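Protein chains in written order, with our numbering: chain A, 1 to 702; chain B, 1001 to 1388.
Glycine included, each C-beta is placed from N, C-alpha and C at the ideal position.
Please read these numbers as outputs of a predicted model, since none were measured by experiment.
Data first, discussion second: the structure below is written as structure tokens.
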Amino acid sequence: MAAAVCHAQTIEKRDTLETSYVTAVKEKMRNTTQTGLMRLDGNKLRTTVAAFGTPDIIKSLQMLPGVAAGNELMSGLYVHGGDGNDNLFLLDGVPLYNIAHFGGFFSSFNTDVVENLDFYKSGFPARYGGRLSSVVDVETSEGDMHDYHGNFSLGLIDGRIQVEGPVWQDHTSFNVGLRRSWLDVITVPALLYVNHQNKNNPKANGGYAMWDLNARVTHKLGKDSKLNANFYWGDDDLKAGIKSSDTGSFMDLGVRTNWGSLTSSVSWEAKYGPKVGGKLMGYFTRSGSDVGYTFDVGSVDDDGKEKSMMYFNDDNLCSVYDTGVKYDVDWYPNSSHHVRTGATVAWHHYETGRRYEQKGSIFEIMTGDDGKGNTDKTGEEYQAWEPAIYLEDEIFLAYNFTINAGLRASLFGTKRKTWGSLEPRAALKWLITNDVCAKLSYTRMSQNIHLVSAMYIDLPTNSWMPSTPEAGPMVSDQIAGGIYLTPGNFKINLEGWYKTMDGMLAYNGANAFYPPLVNWEKSFTSGRGESYGLEFETTYSIPKLELSAFYTLSWSWRQFDAYYMFPYLDRNDNRHKVNLVGNWNFARGWFFSFNWNWHTGNRITLPSHAVLREGNIYSTCYEQPFNAKLPDYHRLDVSVEYKWDLLGDGTKFTTINLSIYNVYNHMNASFAMLDTDGDGKYRGMAYGLIPIIPTLSASYKF
Amino acid sequence: MKKNVCLLILALLACSCEIPFSIDDISEPRFLIECVPTAGDGAFDVMVAYADPAYGERRVGQYPFRPGDVSITVNDNPVATSSMTWEQSGNYYTGSISGKFAPGDRVTVSVSGDGIPEATGTTVIPDEPVIKSVDITKINDKEDDNGKRFTIKLAEPVKDGEYYGLEIIVYEESYMLEIMKTPPFYKLDTLKYEYGTTPGQLASMSDINNLDLDAFAQVRYKYGSLINSGGSYEEYRPMVLLGSRQWDGDSYSFYLNASFDFSDILDGMPSGDTDYPVVDPYPYEPEPEDPDPDEPEDPEETYTIPIGAKTWYRIELFRLSEELFNYCKAQYLMDYNILSNFGVTPPNFTYSNIRGGLGVVGGVSCTRTELYPDPDNKDPDIPGLLRP
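What follows is the structure, given as structure tokens:
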């Protein structure tokens, strides 16, 4: 019982401790019953080796065992055999649908304002639900209540500003982070130069910009009560066009794509007594895109004034809006129980549509008639509501056993059908000695929404849709267990999992950047997935040096009867995966980091057989999907950072960082095709696209 | 030094872009079976081929099986192939099975051979579709365009899990009008066009928004066999593949001769019009003969023979078993889903219902309807050209 009391105290204390990354992980490992959980500290995330000099949460998670990254440099997160669209991303508790900029090159999370994140791969607590494979719970930092701090950074392709401080000393604070790419700033002079060189040719215009803004305001209502207001707005804007103009006429053709997300929430956290606390939150989140083009033709008068005679504009839109309320309660009824319970209700609104506008025509231009207008807007709207309640109890038993038992019940209702889901969650921990413990968990998760996409990459044309009678919810069951040791300065984890996924969807149509959105479910085929594997993780940590090694041995299977009647290995079946990560403070102000990745290549589909047809012609045929394996992937990234204490008092720093992505310039296979060698024999030919990328970045922190 | 560094970087960037890799181990020898049992009185084909691993040595003229190794049963009763011939120029045997086959018949094909796993496939011939009506609508009022929208209505709404194939044959017949006023007219020529695709999917801008690329999926088919079973390409007509998604309840619409191009954007959208001429007289101008040098040319002499052109259509609607639909769609997507190799799209279909092998055994039932020009057409010049 004494141990249990101590344990409960540790849990209460944990949320307020500011410990180092490793210590936090050790604490977490010992003090939680969950398997597959990793807590990453914001400081740690900001010091990882970063492509293009911009720290990235998703890229950091991709290094972890049990996670496949998919295509290089993309923001794929394929957890325990998942499909990449089955991860729950929470930003301060609010679901975020669009988690990447620029087709996945950058995640939507600005690490400057991230306090920490919890990443669950298995053993999901009952308070989380709605996705099959993982939970990424990101919490942003509260602003400092006493002093002003800030950070300015400039990287290869973006700049970042973060400022925090008190609004009302010791009562109210703010923390604001702004990030913006400046590729468009580079492209403007480049295009000006090109257009200047091509004086008599059409003029090109265009550019790409992504930006996001995080803001958090915290107000203390008293000793045990506070209000939080959180806001996130991230957008991508891609434009390209060409305009020709000569005496008497002009023509302007442009394409533009805009996509992004917005979340906002207001929450009230309070302790109602020494043993009870709660959090009430209302939120709104939106994710959407607008992909369109414009065509404009007209006349130019003697004064150079343009008059449009034919104008054509087409926009394809898709959006998802969520509005919800959550209420969570933490209760310690006695030293043996930690009860969490809560309820949430969310209203989902999905929109897809097309906006079309036309004025004038060629015929009207030729005849001199005034252009007639023609506007049209078509689209589909879907609504769904999703209430859920949960209850979980962490019970401290005798003989150092702890069990976390929970149940989550939810409904998902649309006009056509309502689904109910009952999801049991259970985790058992046995603290064998102070440095050794064993854990076992079982979880069921369900997912009622589907990402309608005909591509694996993160395109703005992808659209979220609710379940329909023809494409119902997806369900996963997962068992995980392992042994966790912390001898001396080492942390050693060995964990295994077995997971099944039912009701998975796969696009079964022709290539299309726009997946069909009317009767979309008929473009998909239903199947199941299975995944199992082992993860090994070890970390050696001493002051100024931390070395980690991760290894994953895994299998990931799919069975879609419309593709193939039997199980086949999934695209991201990386049988072996190794990551070596190191951080070394080798001299005063000098930091060296490295990250080496190696994994079995992704799988692709290539013809497997040849049949001699008439006329001595061979035709090829395919036996099963993803039958070939790309060459193994490996890459080394390093960074060297010098941190200069400007005043020598630890309050103002300038940092210069040199990061090199893919140091030894190993061209990893991005895609592959069928090829023939000199003897006419078939072979695979892969193509690498991403070379060495050095990046210099600088920041000033105060 | 600076120059050397630049050269080094350029060399690093240029190298290793192409990465050849071995894929010798991805396949073993297999049998490939293609058999399309079809309801009706005709014969359907069975083709059995030896499929070499694509990346190994090829076996030409060495056959690990004989015709007797191929077993075919209908409702568990063995049936004989009327002829099982080895295709001299290929690595496969073809045969045909004659008889009267009905919806509900269960057909199984299996083959075994030395050192190759036994391959077996089974299908049930599906019910025949019942066409209730076909409506034709002219979709474009431009003079030089003959675009039409066809709407097929079935007797019952299409359910999930039902699959169809569609073939359209367009016949255009020309007649001399002035020479013979009463039937039978002198027929000049009959042109036959086979439309397996729906080129009018982009009949208007509004179609772009919901463009269904799947509606272009097609395979080459003739009664009881797929193109892969041999024969010349011309013998096989293109068959459009239709899943339940393409049907709106009990109806399916498609276009003929309604191609969308940029001028459609500029000229405005085509509008619906149900009144269209089926027969369009047009002047016939014979090729000018070489002038006789002995006779002076008569610049005034001209003559015209009016010609009537009549168009009629045959629609063949097939009900396909699920396995045949999946296999045919796979054949189509293998050719067109080229982005799969780039790792950015879902995989190629690789469907087969042959346990232990490749290919398909898939059933078909067919119904046909022919659409003649409207007998109520009141065109005074060509009243008698219309067929009943």
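Asked: How far does the beta strand (DSSP E) with B:GLU1018 in it extend, from its first residue to its last?; Found: 1018–1021
Asked: With a Cβ-Cβ cutoff of 8 Å, do A:TYR707 and A:SER287 count as a contact?; Found: This structure leaves residue 707 of chain A out entirely; chain A is present only between 1 and 702.
Asked: Using only alpha-carbon positions, find the residue among A:PHE524, A:ASP477, A:ASN508, A:TRP520 that is nearest to A:MET501.; Found: A:ASP477
Asked: Of the residues A:ARG683, A:THR651, A:TYR700, which one's Cα is nearest the Cα of A:ASP147?; Found: A:THR651
Asked: Taking B:GLY1121 as the reference, which of B:ASP1250, B:VAL1048, B:ALA1155 has the closest Cα?; Found: B:VAL1048
Asked: Consider the Cβ of A:ALA426: report whether some Cβ of chain B lies at a distance smaller than 8 Å.; Found: no
Asked: Does the separation of the CB atoms of A:ASP314 and A:TYR356 fall below 8 Å?; Found: yes
Asked: Starting from the beta carbon of B:SER1110, find every residue of chain A whose beta carbon is closer than 9 Å, and list them in chain order.; Found: In chain order: nothing, as chain A lies at least about 16 Å away.
Asked: Have a look at A:GLY684 and B:PHE1325 and give me their C-alpha separation to the nearest angstrom.; Found: 30 Å
Asked: What whole-angstrom Cβ distance do B:ASN1077 and B:ARG1106 have, given they're in contact under 8 Å?; Found: Actually they do not touch by this definition, with Cβ atoms about 10 Å apart.
Asked: Please classify A:PHE363: is it buried, with 16 or more other beta-carbons within 10 angstroms of its beta-carbon, or exposed?; Found: Bear in mind that the predicted position of A:PHE363 carries a pLDDT of just 47, short of 50, making it unreliable; the figure below should be weighed with that in mind. Its Cβ having fewer than 16 others within 10 Å, A:PHE363 is exposed.
Asked: Name the chain A residues whose beta carbon is nearer than 8 Å to that of B:ASP1250?; Found: Result: empty, since nearest Cβ-Cβ is about 15 Å, beyond 8 Å.
Asked: So within the stretch 501–566 of chain A, which uninterrupted beta strand (DSSP E) runs reach at least 3 residues, ignoring any that extend past its ends?; Found: 524–542, 545–559
Asked: Excluding sequence positions up to five away, which residues of its chain have a Cβ less than 6 Å from the Cβ of A:MET145?; Found: PRO166, ASP170, SER173
Asked: Which term fits B:ARG1149, buried or exposed, when burial requires 16 or more other beta carbons within 10 angstroms of its beta carbon?; Found: buried
Asked: Do you know whose CA, among A:LEU178, A:GLY601, A:HIS149, lies nearest A:ASN572's CA?; Found: A:GLY601
Asked: CB-CB under 6 Å to A:TYR382, same chain, minus the five flanking residues each way: which ones, in chain order?; Found: TYR350, PRO466
Asked: Excluding five sequence neighbours on each side, which residues of the same chain lie with their C-beta closer than 6 Å to the C-beta of A:THR414?; Found: ALA384, PRO466
Asked: Given a cut-off of 8 Å, decide if A:TYR283 and A:SER265 are closer than it, judged by their beta-carbon atoms.; Found: yes
Asked: Please go through the same chain and pick out, in chain order, the residues whose beta-carbon is closer than 6 Å to the beta-carbon of A:VAL176, but skip the five residues on each side of it.; Found: VAL163, ALA215
Asked: Any Cβ of chain B within less than 8 Å of the Cβ of A:VAL138?; Found: no
Asked: Taking the beta carbon of A:VAL188 as the centre, do at least 16 other beta carbons fall within 10 Å, making it buried, or is it exposed?; Found: exposed
Asked: Kindly give me the distance between the Cβ atoms of A:SER556 and A:GLY81, rounded to whole angstroms, as I take these residues to be in contact under 8 Å.; Found: 4 Å
Asked: Since A:THR418 is in the beta strand (DSSP E), which residue starts that stretch and which ends it?; Found: 418–433
Asked: Measuring only the C-alpha atoms, how far is B:VAL1158 from A:GLU139?; Found: 50 Å
Asked: Leaving out five residues before and five after B:VAL1070 in sequence, what residues of the same chain have Cβ atoms less than 8 Å from its Cβ?; Found: VAL1046, VAL1048, THR1081, MET1084, TYR1093, GLY1095, VAL1109, SER1110, VAL1111
Asked: Using a Cβ cut-off of 7 Å, pull out every chain B residue sitting near A:CYS621, in sequence order please.; Found: LEU1032, ALA1051, LEU1358
Asked: Strictly under 8 Å for the Cβ-Cβ distance: is A:VAL611 near chain B by that measure?; Found: yes
Asked: For A:VAL84, collect the residues of the same chain with a Cβ closer than 7 Å to its Cβ; drop the 5 residues on either side in sequence, then sort them by chain order.; Found: Reading off the sequence shown, one finds Gly at residue 84 of chain A, where the question assumed Val. Counting only Cβ-Cβ distances below 7 Å, and skipping sequence neighbours, we find GLY70, GLY76, LEU77, TYR78.
Asked: With distances taken between CB atoms, is the gap from B:GLY1357 to B:ILE1072 smaller than 8 Å?; Found: no
Asked: Whose Cβ in chain B lies nearer than 8 Å to the Cβ of A:LYS681?; Found: TYR1055
Asked: Could you check what DSSP says for A:GLN624 in three-state terms: helix, strand or coil?; Found: coil
Asked: Please report whether the beta-carbon of A:GLU470 lies at a distance below 8 Å from any beta-carbon of chain B.; Found: yes
Asked: To the nearest angstrom, report how far apart A:TRP211 and A:ASN116 are at their CA atoms.; Found: 21 Å
Asked: Could you give the first and the last residue of the continuous alpha helix (DSSP H) run that contains B:MET1334?; Found: 1322–1336
Asked: What's the C-alpha gap between A:ILE403 and A:HIS338?; Found: 10 Å
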